[in-house]
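Below: the structure, in structure tokens.
Protein chains: 2
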Amino acid sequence: MLAEIITIGDEILIGQIVDTNSAFIGAELNKIGVKVLQITSIQDESSQILDALAQANDRVDLVLLTGGLGPTKDDITKAMFLEYFNDTLIENHTVLAHIHDIFKTHLKRDPLPSNLTQAMVPSKASILRNAHGTAPGMWMEKNNTVFVSMPGVPFEMKALLKNEVLPRVKVKFKRPHIYHKTLLTFGQGESQIQERITAWEEALPEYIKLAYLPSFGSVRLRLSSTGVDKIKVEYAVNKQMLLLSEILQDIAIGYEDETSLVGRISEILVEKGHTLSVVESCTGGSIAKSITAIAGASSYFKGGLIPYSTALKTEILKVDSRLIEKHTVVSIEVACAMAENSRDLFKSDYGLATTGVAGPAKGDTNKEVGTVCIAIAGPRGVMVEEFSLGDHRERVIAKAHNKALEMLLKELSKN
Amino acid sequence: MLAEIITIGDEILIGQIVDTNSAFIGAELNKIGVKVLQITSIQDESSQILDALAQANDRVDLVLLTGGLGPTKDDITKAMFLEYFNDTLIENHTVLAHIHDIFKTHLKRDPLPSNLTQAMVPSKASILRNAHGTAPGMWMEKNNTVFVSMPGVPFEMKALLKNEVLPRVKVKFKRPHIYHKTLLTFGQGESQIQERITAWEEALPEYIKLAYLPSFGSVRLRLSSTGVDKIKVEYAVNKQMLLLSEILQDIAIGYEDETSLVGRISEILVEKGHTLSVVESCTGGSIAKSITAIAGASSYFKGGLIPYSTALKTEILKVDSRLIEKHTVVSIEVACAMAENSRDLFKSDYGLATTGVAGPAKGDTNKEVGTVCIAIAGPRGVMVEEFSLGDHRERVIAKAHNKALEMLLKELSKN
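Taken in sequence, the protein lines are chains A and B. Its first residue numbered 16, the first sequence is counted upward by one per residue in my numbering. Its first residue numbered 16, the second sequence is counted upward by one per residue in my numbering.
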């Protein structure tokens with residue numbers, strides 16, 4: 016069965032916001048065997064919404080819409096549903112009670128008339144509970160296609176999708192099993208990898224699809240297959256993945272399934288009972304941010320320091336100022352000292368340190384923009400590497416962030 | 016004139032990546048007066064790509080495509096261009112020389128045969144230089160519609176769009192002037208705001224469009240207009256915006272134009288010659304990450320500390336342990352002490368501190384999950400607030416991050 020995601024809102028088309036809803040919905044549908052054929056983003060304009068609904072009706076079995084359900088005049092999705100399904104509004108008492116409850120319990124003020132109009136819903140719609148907001152979801156059908164309208168606020172949409180929409184989709188539609196497995200590699204480009212795996216790729220059965228996903232310094236290789244028999248599908252993909260991992264064993268660092276790089280780091284630290292601290296000069300907090308995004312991080316993450324000026328590296332982190340004078344602040348030597356001293360300062364088993372020139376200016380060093388030194392100090396000593404990561408600030412920071420986490424995972428994975 | 020953005024790649028549809036390219040392209044086109052009618056994301060499948068090209072041809076004057084230009088077998092956009100434009104490949108010597116140069120200068124190895132095939136391009140295409148990669152952009156025309164194919168790697172696409180595509184679009188198409196201005200407000204919901212501005216909204220001229228953009232704790236109000244006369248369009252929007260700001264003066268914190276919240280904070284700090292440090296407990300580095308993303312941050316950002324355990328707040332930050340015992344670590348009092356001590360530790364004019372319970376566990380406090388205290392210490396004293404930000408970790412962190420930056424901007428904006 017096929018689905019289409021339609022996101023509604025001028026702010027998406029003028030680039031004022033990035034549409035993250037579609038990726039979330041796509042991933043959730045994929046997990047339950049629904050193939051997303053297309054994602055369409057359109058403006059809050061009546062003719063465009065009606066056209067998009069009609070076109071999606073021709074293409075797919077399930078259409079999930081987000082956005083345009085707010086209480087203000089610029090939101091017109093509900094009115095378009097009325098027109099497309101030739102329907103009228105009725106008051107839904109459950110929604111009305113829910114709105115009153117949200118205002119009483121959470122907002123602690125009386126709802127305005129515009130808030131109460133959220134309880135007026137199309138008479139033919141099945142109404143889906145929006146636990147975190149006042150605009151309910153709406154499930155309607157036409158010509159054998161199901162249309163579901165959800166709010167555009169990501170937090171509200173996510174809960175509504177998971178608790179209300181997906182369970183109904185599972186009952187309504189027969190779906191095949193879709194399975195993906197992704198190998199993470201780093202150190203070689205996609206054409207180098209393709210050359211190495213040519214023979215394997217040519218022998219790959221037609222029902223397994225290979226995709227190359229290059230990003231900063233790493234390439235992810237995704238195998239996908241679809242079928243009615245879950246066990247057969249997964250077996251076929253895993254068998255090929257094993258062969259692939261063997262060919263690329265020198266550059267493979269693991270699989271990406273549900274967990275991210277930082278998720279696997281978290282698992283290992285919890286499992287081994289080890290703790291971590293970070294000292295981020297050029298990465299400016301981005302590594303700490305990723306680590307602390309994981310629930311339960313406080314059990315292994317001791318803390319972080321962002322010594323954004325050279326003086327702080329000597330004063331708070333106690334890096335020997337002669338070492339900095341001799342080697343400059345962006346050096347293998349200073350990175351090692353930072354990582355080691357991080358262990359002392361934060362009393363952690365592992366210390367991760369980054370120092371580099373993110374650019375565009377060079378700062379307190381004579382090193383080229385893009386030079387980044389990353390060190391990891393742990394019970395087994397210090398590992399350190401110097402990288403040259405280009406001359407674009409955002410990219411240097413993102414690359415250094417990824418390299419640091421890759422090095423950390425590598426170090427933690429050793430016995 | 017109208018445009019459509021088509022992004023190609025299974026990874027978008029299965030939600031493996033978030034499509035950020037579309038927002039970037041949308042914002043750039045909007046700046047030069049090109050209206051994006053639709054964004055379409057489709058799979059690397061020949062029939063879908065051909066259908067999307069044909070449909071876009073009917074709808075718009077300009078089609079910008081990203082993705083599917085890699086050297087590997089799963090990338091088929093170039094082959095689809097050949098089919099759609101009924102064209103054949105020729106070797107382009109400029110591209111070939113560029114590929115050799117990239118390998119020689121940056122990658123320091125010989126190109127593989129698959130890399131060299133990137134120099135084979137459709138004979139009817141105008142070729143656009145991809146400064147940062149080997150896959151060139153392609154500009155082709157059919158039935159009065161221009162189609163431009165660009166690589167999907169954001170860094171390569173951005174430079175190619177700015178340096179090669181937009182200048183050609185400006186020459187090729189007559190465009191009206193599009194102008195947006197966005198007011199940032201915080202403290203009230205969209206229905207409350209709508210109620211307050213009803214009279215103004217009803218008197219708004221038809222050619223000015225109002226949009227409500229709610230996000231965590233804040234609502235942005237965007238006014239948009241389009242016309243041939245730049246001065247008239249901007250004057251009309253600015254006039255209405257002044258009226259709107261006056262009505263909402265108690266909740267308005269400024270305009271969002273090209274600059275973000277953190278961008279404006281940066282401007283004020285540079286202008287006043289003041290410095291900043293942050294101590295992030297519950298926000299775990301996310302504020303420092305935003306601040307250091309701005310080029311030149313090292314001139315005013317002294318550094319940050321992420322004291323992720325209570326012990327570190329007393330040991331490194333020297334917060335009085337009796338204060339913590341008396342009020343618990345998540346309290347107005349401790350937040351104030353953290354912000355003040357941050358000024359001392361980092362020798363900065365301003366110190367920003369966050370302490371809270373991001374959840375799901377409560378940690379070293381008896382406070383409810385979602386309780387966050389934020390303090391800003393500066394030359395004029397300390398401002399502090401306690402918030403209740405819900406029970407969803409990601410959302411608590413994001414909200415606390417936004418609240419902290421809003422408070423900081425408010426404090427910095429005072430004379």
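For every residue, glycine included, the Cβ atom is placed at its ideal position computed from N, Cα and C.
Through-space distance from Ile262 (chain B) to Glu355 (chain B), alpha-carbon basis = Straight-line Cα distance between these residues: approximately 36 Å.
Using three-state DSSP, classify Ser403 (chain A) as helix, strand or coil.
-> Three-state DSSP puts Ser403 (chain A) in a strand.
Does the Cβ-Cβ distance between Ile21 (chain A) and Thr55 (chain A) come in under 8 Å?
-> Contact flag set, yes.
Buried versus exposed, by CB contacts within 10 Å (16 or more), Ile412 (chain A) = Burial is judged here by how many other beta carbons sit within 10 angstroms of a residue's own beta carbon; Ile412 (chain A) has at least 16 and is buried.
Is there at least one Cβ from chain A nearer than 8 Å to Lys196 (chain B)'s Cβ?
-> So no, Lys196 (chain B) is outside the interface.
Residue burial classification, Gln264 (chain B) (beta-carbon count within 10 angstroms, cutoff 16) | Counting Cβ neighbours within 10 Å, Gln264 (chain B) comes out exposed, since fewer than 16 surround it.
Three-way DSSP call (helix, strand, coil) for Gln207 (chain B) in this model = Reduced to three states, the DSSP call for Gln207 (chain B) is helix.
Count the CB pairs spanning the region 279-291 of chain B and the region 313-325 of chain B that are closer than 8 Å, and state whether there are at least three.
-> Contact holds: three or more Cβ-Cβ distances are below 8 Å.
Whole-angstrom distance between Leu175 (chain B) and Lys224 (chain B), CA atom to CA atom | Between the alpha carbons of Lys224 (chain B) and Leu175 (chain B) lies a gap of roughly 32 Å.
Could you tell me the boundaries of the alpha helix (DSSP H) in which Ser260 (chain A) lies?
-> Residues Lys245 to Ile262.
Cβ of Ile21 (chain B) within 8 Å of any chain A Cβ = Closer than 8 Å: no.
Counted within 10 angstroms of its Cβ, other Cβ atoms place Tyr222 (chain A) as buried (16 or more) or exposed = Tyr222 (chain A) should be labelled exposed.
Hey, is the region 419-427 of chain A in contact with the region 387-398 of chain A, meaning 3+ C-beta pairs nearer than 8 Å?
-> Yes, since at least three Cβ pairs between the region 419-427 of chain A and the region 387-398 of chain A fall closer than 8 Å, the two stretches touch.
Using a C-beta to C-beta distance shorter than 8 Å, which residues of chain A count as neighbours of Leu219 (chain B)?
-> Going along chain A, no residue has its Cβ under 8 Å from Leu219 (chain B), so there is no contact; the nearest lies around 10 Å.
Return the Cβ separation of Gly404 (chain A) and Ala390 (chain A) in integer angstroms, given the expectation that the two are a contact with Cβ distance under 8 Å.
-> It is worth fixing the name first, because residue 404 (chain A) is Leu in this sequence and not Gly. Contact between Leu404 (chain A) and Ala390 (chain A) fails: their C-beta atoms lie close to 16 Å from each other, not under 8 Å.
Can we say the region 98-115 of chain B touches the region 31-51 of chain B, given the rule of at least three CB pairs closer than 8 Å?
-> Counting Cβ pairs under 8 Å, fewer than three are found: no touch.
Name the DSSP bridge partner or partners of Gly152 (chain A)?
-> According to DSSP, which records beta bridges pairwise, Gly152 (chain A) is partnered with A:Leu143.
If you draw a straight line from the C-alpha of Ser336 (chain A) to the C-alpha of His121 (chain A), how long is it?
-> Going by the C-alpha atoms only, they are around 54 Å apart.
If you scan the region 308-393 of chain B from start to end, which runs of the alpha helix (DSSP H) of 4 or more residues do you find wholly inside it?
-> Counting only runs of 4 or more residues that sit fully inside the region 308-393 of chain B, the alpha helix (DSSP H) segments are 325-330, 336-342 and 347-361, in chain order.
Mind checking if Gly82 (chain A) is an interface residue toward chain B, Cβ cutoff 8 Å exclusive?
-> Answer no: the Cβ-Cβ gap between Gly82 (chain A) and chain B never drops below 8 Å.
Please confirm if His192 (chain A) has its CB atom under 8 Å from at least one CB of chain B.
-> Chain B, which has no Cβ nearer than 8 Å to the Cβ of His192 (chain A), makes this no.
Beta strand (DSSP E) segment containing Ser239 (chain A), residue limits = Start and end: Ser233 to Gly242.
Assign Asn145 (chain A) to buried or exposed, taking buried as 16 or more other Cβ atoms, counted over all protein chains shown, within 10 Å of its Cβ.
-> Its Cβ being crowded by 16 or more others within 10 Å, Asn145 (chain A) is buried.
Please state if the CB of Leu97 (chain B) and the CB of Asp90 (chain B) are separated by a distance shorter than 8 Å.
-> No, the pair does not count as a contact, with Cβ atoms beyond the cut-off.
Touch check for the region 144-163 of chain B and the region 175-184 of chain B: three-plus C-beta pairs under 8 Å?
-> With the cut-off at 8 Å, the region 144-163 of chain B and the region 175-184 of chain B touch.
Report the neighbours of Val33 (chain B) on chain A: residues whose CB is nearer than 9 Å to its CB, in chain order.
-> Within 9 Å Cβ-Cβ: Val33, Asp34, Thr35, Ser37, Ala38 and Phe39.
Give the residues from the region 220-248 of chain A that approach chain B closer than 9 Å (Cβ to any Cβ), ordered along the chain.
-> Cβ contacts with chain B come from Lys224, Leu225, Ala226, Tyr227, Leu228, Pro229, Ser230, Phe231, Arg235, Arg237 and Ser239.
Sort B:Val243, B:Thr241, B:Leu79 and B:Thr160 by Cα distance to Phe39 (chain B) and report the nearest one.
-> The residue with the shortest Cα to Cα distance from Phe39 (chain B) is B:Leu79.
Tell me, please, whether the CB atom of Val51 (chain B) is closer than 8 Å to any CB atom in chain A?
-> The beta carbon of Val51 (chain B) falls within 8 Å of a beta carbon belonging to chain A, placing the residue at that interface.
Which of the residues in the region 115-144 of chain A, read from start to end, lie with their CB under 7 Å from any CB of chain B?
-> Per Cβ criterion, the list reads Leu127, Ser129 and Asn130.
Own chain partners of Ser346 (chain B) with C-beta closer than 7 Å, once the 5 adjacent residues on each side are dropped = Closer than 7 Å at the Cβ level, and outside the excluded window around Ser346 (chain B), lie Cys388.
Is any beta-carbon of chain A found at less than 8 Å from that of His342 (chain B)?
-> With 8 Å as the cut-off, His342 (chain B) does not count as an interface residue toward chain A.
Nearest-angstrom Cα separation, counted from Asp102 (chain B) out to Met16 (chain B) | A straight line joining the alpha-carbon of Met16 (chain B) with that of Asp102 (chain B) spans about 27 Å.
Other residues of its chain near Phe37 (chain A): CB distance less than 7 Å, five sequence neighbours each side excluded | Per the sequence shown, the amino acid found at residue 37 (chain A) is Ser instead of Phe. Cβ-Cβ distances below 7 Å link Ser37 (chain A) to Ile20, Thr22 and Ile54 in the same chain, with the five nearest sequence neighbours on each side left out; the list follows chain order.
Could you tell me which residues DSSP puts in a beta bridge with Met135 (chain A)?
-> For Met135 (chain A), the pairing in a beta bridge is given by DSSP as A:Glu106.
Pairing CB atoms from the region 293-306 of chain B with CB atoms from the region 364-380 of chain B, are three or more of them under 8 Å?
-> Because the criterion of three Cβ pairs below 8 Å is met, the region 293-306 of chain B and the region 364-380 of chain B touch.
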